[in-house]
Amino acid sequence: MAQLWGGRFTKETDQLVYNFNASISFDQKFYKQDIRGSIAHVTMLAASGILTEAERDQIIDGLNSILTDVENGTLEITSKYEDIHSFVEANLIDRIGDTGKKLHTGRSRNDQVALDMKLYVRDEIVEIKALVLELMNTLHSLMKEHIHTYMPGFTHLQKAQPITLAHHFGAYMEMFKRDYGRLCDIYARMNYCPLGSGALAGTTYPLDRELTASLLDFAGPTLNSMDSVADRDYCIELLSALSTIMMHLSRFSEEIIIWNSNEYQFVELDDAYSTGSSIMPQKKNPDIAELVRGKTGRVYGALTSLLTTMKGIPLAYNKDMQEDKEFTFDAIDTVKGCIALFNGMIKTMTVNKDRMEASAKNGFTNATDAADYLVNHGVPFRDAHGIVGELVLTCIERNISLDELPLDDYKAICPVFEDDIYLAISMEECVNKRNTIGAPGPEAMNKIIEINEAYLKDLNN
72 MAQLWGGRFT KETDQLVYNF NASISFDQKF YKQDIRGSIA HVTMLAASGI
122 LTEAERDQII DGLNSILTDV ENGTLEITSK YEDIHSFVEA NLIDRIGDTG
172 KKLHTGRSRN DQVALDMKLY VRDEIVEIKA LVLELMNTLH SLMKEHIHTY
222 MPGFTHLQKA QPITLAHHFG AYMEMFKRDY GRLCDIYARM NYCPLGSGAL
272 AGTTYPLDRE LTASLLDFAG PTLNSMDSVA DRDYCIELLS ALSTIMMHLS
322 RFSEEIIIWN SNEYQFVELD DAYSTGSSIM PQKKNPDIAE LVRGKTGRVY
372 GALTSLLTTM KGIPLAYNKD MQEDKEFTFD AIDTVKGCIA LFNGMIKTMT
422 VNKDRMEASA KNGFTNATDA ADYLVNHGVP FRDAHGIVGE LVLTCIERNI
472 SLDELPLDDY KAICPVFEDD IYLAISMEEC VNKRNTIGAP GPEAMNKIIE
522 INEAYLKDLN N
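Heads up: the sequence shown is residues 72 to 532, going by the working numbering.
Here it is as structure tokens:
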């Protein structure tokens, strides 16, 4: 058992206790961060006169050799070690002797693990942001392609008013823009270095914490040593942001699933993003969308679990906090996979434009525009609402749309109607005249696309 402690104890830890206490099975994920933090730490120790330059160089060479050997497979991280910290330090001592024992000068596992977790989460935020950006680029392309693709907009899953597919995609674009912003906010708020906080009360060594923070690309050192080792807010904030991303992906997936159904046939998913049935040869299932929807609960669970773990912990560090890692690691991996697969799915799906437009016509989505026509001809809105309601009932009885109802039938209910009613309720006109900012009209949509173009250009650069 390779451990960083033991002098106080008179006998070996029970194997079951050791196994229960150990974290090497999951914290080996941040071996790179642990080595990077250690290199920064010894660089600072030498700059502060606590280590000699020769000791610094020997330790850094040893750490880099460990990193190289782990990455090329010649050095295996095994359960022989209690955690990633003991793995690195034990192997360093094996390689360079007693000088390796000076690595831990002026730090504790408490601030060390706090640093490793921050470095790991920070790196992962960068990768998640890149995936969200890629998804937004896809949505932006689809919005430009479908400015004139008419479809029904829904409320209560009932057809409501005509919109365009660009407008519908634009709603999700706004959601993912907010998600991207949340990730940026979390990165900025967490980007302070805990190393040098020690176990909870700092250290008597003259550490230069500003230098350590600078070497690790932090904005500065954390300002309270107790909070530094006890803080997992950034993990909770990230899990909250990831839960929101998954909620958005899940809502989008639900719509893709509905649109892909035999009843709607608005889209067809590419074979590469669909699966079949073991018994029904005709089936083509939207399993990727369903799995994204299902895995949302998994990420929610990680957030709830970590909140529950942290809620009763007194200051400062407690072993309970070891539970932060598996929740966070799993949620990160889940979200990264879901974003990538979802992006591929919508990028390759086929849109049935005719089917979408026909659905909008057959769902009386232009009824509001028929009422607006009457209002524009002097009929009070409340009366216009009732008149169009009668027209819709007539169409339902005949199984036709408002576009197909003869003018004589319009006039029989209200003589104000003229031939121009058909232009007023056409899908194109219904959409085109809605041009207030944020609406689906082409003038409004082109303005939004222009705004998004500038936004994405800035991020892509």
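For every residue, glycine included, the Cβ atom is placed at its ideal position computed from N, Cα and C.
It should be emphasised that the depicted structure is a prediction, and the values quoted were computed from it without experimental measurement.
For residue j and residue i, the rounded distance between their alpha carbons
| i | j | result |
| --- | --- | --- |
| M420 | L340 | 4 Å |
| N437 | D404 | 44 Å |
| S96 | G368 | 24 Å |
| I307 | M261 | 11 Å |
| E281 | D98 | 26 Å |
| L146 | Y152 | 13 Å |
| D304 | E361 | 31 Å |
| D443 | E489 | 14 Å |
| I520 | P451 | 36 Å |
| S119 | H211 | 51 Å |
| A201 | D529 | 13 Å |
| T380 | K390 | 11 Å |
| M72 | S94 | Annotation note: pLDDT 48 at M72 (below 50); position unreliable, no value reported. |
| S311 | L122 | 42 Å |
| G576 | Q353 | This structure does not reach residue 576, given that the chain is present from 72 up to 532, and the question cannot be answered. |
| K172 | F101 | 21 Å |
| E142 | P357 | 38 Å |
| E205 | G252 | 15 Å |
| S314 | T114 | 38 Å |
| P511 | V446 | 22 Å |
Per-residue DSSP class, three states only, for residue i
| i | result |
| --- | --- |
| M351 | coil |
| E153 | coil |
| I496 | coil |
| C485 | coil |
| V338 | strand |
| T274 | coil |
| T436 | coil |
| L287 | coil |
| A402 | helix |
| T465 | helix |
| G457 | helix |
| S136 | helix |
| L174 | coil |
| Y388 | coil |
| I164 | helix |
| A510 | coil |
| L146 | coil |
Boundaries (first-last residue) of the beta strand (DSSP E) holding residue i
| i | result |
| --- | --- |
| Y221 | Y221 to T226 |
| T235 | Q229 to T235 |
Where the alpha helix (DSSP H) through residue i begins and ends
| i | result |
| --- | --- |
| P513 | P513 to N531 |
| M207 | R180 to E216 |
| Y371 | D358 to M381 |
| L309 | D304 to N331 |
| Q99 | Run containing Q99: none; DSSP gives neither H nor E here. |
Closer than 8 Å: residue i CB and nearest the ligand SAM heavy atom
| i | result |
| --- | --- |
| G108 | Among the components modelled here there is no ligand, and therefore nothing to report on the ligand SAM. |
Identity of the residues DSSP links to residue i by a beta bridge
| i | result |
| --- | --- |
| C264 | P292 |
| V422 | V338 |
| D346 | Per the sequence shown, the amino acid found at residue 346 is Thr instead of Asp. DSSP lists N356 as partners of T346. |
ask   = Should the segment 119-130 be regarded as contacting the segment 179-191, the criterion being three or more beta carbon pairs within less than 8 Å?
value = No, they do not touch.
request  = Please determine if the segment 260-276 and the segment 467-475 are in contact, where contact requires at least 3 C-beta pairs separated by less than 8 Å.
outcome  = Touching, no, given that fewer than three Cβ pairs across the two stretches are closer than 8 Å.
message = Using a Cβ distance threshold of 8 Å, determine whether the segment 244-251 contacts the segment 292-299, with at least three qualifying pairs required.
response = Because the criterion of three Cβ pairs below 8 Å is not met, the segment 244-251 and the segment 292-299 do not touch.
inquiry  = Could you check whether the segment 407-422 touches the segment 321-335, counting it as contact only if at least three pairs of C-beta atoms, one from each stretch, sit closer than 8 Å?
reply    = With the cut-off at 8 Å, the segment 407-422 and the segment 321-335 touch.
key: the segment 450-466 touching the segment 476-490, judged by at least three CB pairs closer than 8 Å   = Yes, the segment 450-466 touches the segment 476-490.
message = Below 8 Å, how does it come out for the segment 506-520 and the segment 210-224: are there three or more Cβ pairs, yes or no?
response = The answer is yes - the segment 210-224 touches the segment 506-520, with three or more Cβ pairs under 8 Å.
message = With a threshold of 8 Å, are at least 3 pairs of Cβ atoms found where one atom belongs to the segment 168-184 and the other to the segment 492-500?
response = Contact between the segment 168-184 and the segment 492-500 is not established, with fewer than three Cβ pairs separated by less than 8 Å.
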